[in-house]
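**Student:**
Numbering (the numbering used here), first residue to last: 1 to 339.
1) Out of curiosity, what's the CA-to-CA distance linking residue 234 and residue 223?
2) In angstroms with no decimal places, state the Cα-to-Cα distance between residue 220 and residue 281.
3) Considering only DSSP beta bridges, list what residue 200 is partnered with.
4) May I ask you to report which of helix, strand or coil DSSP gives residue 391?
5) By a C-beta neighbour count over all protein chains shown, 10 Å radius and 16 as the cutoff for buried, is residue 308 buried or exposed?
6) Can you tell me the Cβ-Cβ gap for residue 108 and residue 162, rounded? I've got them flagged as a contact below 8 Å.
7) Go through its chain and collect everything with a Cβ distance to residue 188's Cβ below 7 Å, but skip five positions before and after it.
8) Just mark residue 186 as buried or exposed, buried being the case when its beta carbon has 16 or more other beta carbons within 10 Å.
9) Do you know how far the Cα of residue 311 is from the Cα of residue 225?
10) Identify, in the order they occur along the chain, each residue of the same chain with its Cβ nearer than 7 Å to the Cβ of residue 239, setting aside the five sequence neighbours on each side.
11) Are the Cβ atoms of residue 375 and residue 255 separated by less than 8 Å?
12) Got a sec, what are the start and stop residues for the alpha helix (DSSP H) residue 326 sits in?
13) Whole angstroms are fine: how far does the CA of residue 153 sit from the CA of residue 177?
14) Distance check for residue 273 and residue 42, CA to CA, integer angstroms please.
15) Taking only runs of the beta strand (DSSP E) that begin and end inside the segment 111 to 171, which ones reach a length of at least 3 residues, in chain order?
16) Terminal residues of the continuous beta strand (DSSP E) containing residue 102?
17) Who are the Cβ neighbours of residue 49 in its own chain at under 7 Å, not counting the five residues just before and after it?
18) Closest by CA to residue 300, which one among 110, 325 and 218?
19) Give the secondary structure of residue 253 by DSSP, where H, G and I count as helix, E and B as strand, and everything else as coil.
20) Under DSSP, the beta strand (DSSP E) around residue 308 begins and ends at which residues?
21) Below 8 Å CB to CB, which residues in the same chain sit around residue 164 once its five sequence neighbours on both sides are set aside?
22) In chain order, what residues of the same chain lie with their CB nearer than 6 Å to the CB of residue 121, ignoring the 5 residues before and after it?
23) Secondary structure at residue 300, three-state DSSP: helix, strand or coil?
24) Can you check whether the CB of residue 175 is closer than 8 Å to the CB of residue 213?
25) Comparing C-alpha positions only, which one of 209, 191, 103 and 127 sits nearest to residue 321?
26) Quick one: what's got a C-beta closer than 7 Å to residue 170's C-beta in the same chain, skipping five residues either side?
27) May I have the straight-line CA-CA distance separating residue 155 from residue 248, to the nearest angstrom?
Put into structure tokens, the structure is as follows:
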């Protein structure tokens, strides 16, 4: 019964609550509604940590019906007992190779609980910034000083308060795609790139494919061709790659975020939590979980830092300060998040 869940949520420490369930200690007589609460909570955390907040699409349906459990209770009603975030929140989401200390993906995510809106700003990794008094690319912040320096650099770049970060290793992405059984995806153009120094070889033909984790990772990393060839889909820039990544994530969500894949949630959660680094504590994660469950797909803004590539010894991405300020002011800066 819903009243049982409310009583539990008021009496049990939220950190212990999540940890026990991530370890798979399910009670034998746990009723379906309690089980569904836990599953939805883990799904929320998982999807948030991979940097796309794709759980937010769980409320999206092509008709006006809302998702329900077997007893007819709305997901929103089940999640209502969870504590929620009551102030605007900025989180820096990083994706990369932990072994080589690389960050290939940077996204600034803003959640506004008052309107249940989410904004996701993709930051090109070559964006020119100042780190420790020297000019550098923004993807050097994490290897230089970890998540704290990355957060500081992004805060100074945009002039806003960013308190939290999440770093997700690319190995987690590969493993999750494999756990989910792969993804069917149409590639609009041939992709050919070789980099012996990185041990990277990408050769994917135009057409429909079934991607396993390794192939999906190659698709997500691709941004340029051998010999500098360009086309309407790829020109060597981060912006084109960001477009491709966002399209892939949308298709991933469309295919995989459904009731059948709830059976995979424990494996996914374990994979995520063994491949992330964050300064969010469990209490904060659970507050976020209760909040983002209310977001609708049409309330998500997918944005990119405007600017252009400039050669200054090496190639940098120079953001357009005026246009960027407009985006930051509209989507990421509020009274409690101004520096």
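Where is the CB? At the ideal position from N, CA and C, for every residue including glycine.
**Tutor:** The relevant details are as follows:
1) 6 Å
2) In a straight line, the C-alpha of residue 220 is about 29 Å away from that of residue 281.
3) 195
4) No answer is possible for residue 391: it lies beyond the span of the chain, which begins at 1 and ends at 339.
5) exposed
6) 7 Å
7) 206 and 233
8) Exposed: under 16 other Cβ atoms inside 10 Å.
9) Straight-line Cα distance between these residues: approximately 19 Å.
10) 124 and 304
11) With the chain covering only 1 through 339, there is no way to say anything about residue 375.
12) Boundaries of the alpha helix (DSSP H) around residue 326: 321 to 331.
13) 31 Å
14) Per-residue confidence for residue 42 stands at a pLDDT of 40, beneath the threshold of 50, marking its modelled position as unreliable; the derived number appears in the next sentence. In a straight line, the C-alpha of residue 42 is about 11 Å away from that of residue 273.
15) The qualifying runs are 117 to 122, 128 to 131, 134 to 137 and 164 to 169.
16) From DSSP, residue 102 is part of no beta strand (DSSP E); its letter is neither H nor E.
17) Residue placement at residue 49 is flagged as unreliable, the pLDDT there being 43, under the threshold of 50; a coordinate-derived value is accordingly withheld.
18) Among 110, 325 and 218, the Cα nearest to that of residue 300 is on 110.
19) Of the three classes helix, strand and coil, the one that applies to residue 253 here is helix, per DSSP.
20) 307 to 312
21) 89, 90, 91, 92, 151, 278, 279, 280 and 284
22) 108 and 303
23) strand
24) yes
25) 127
26) 95, 96, 97 and 217
27) 28 Å
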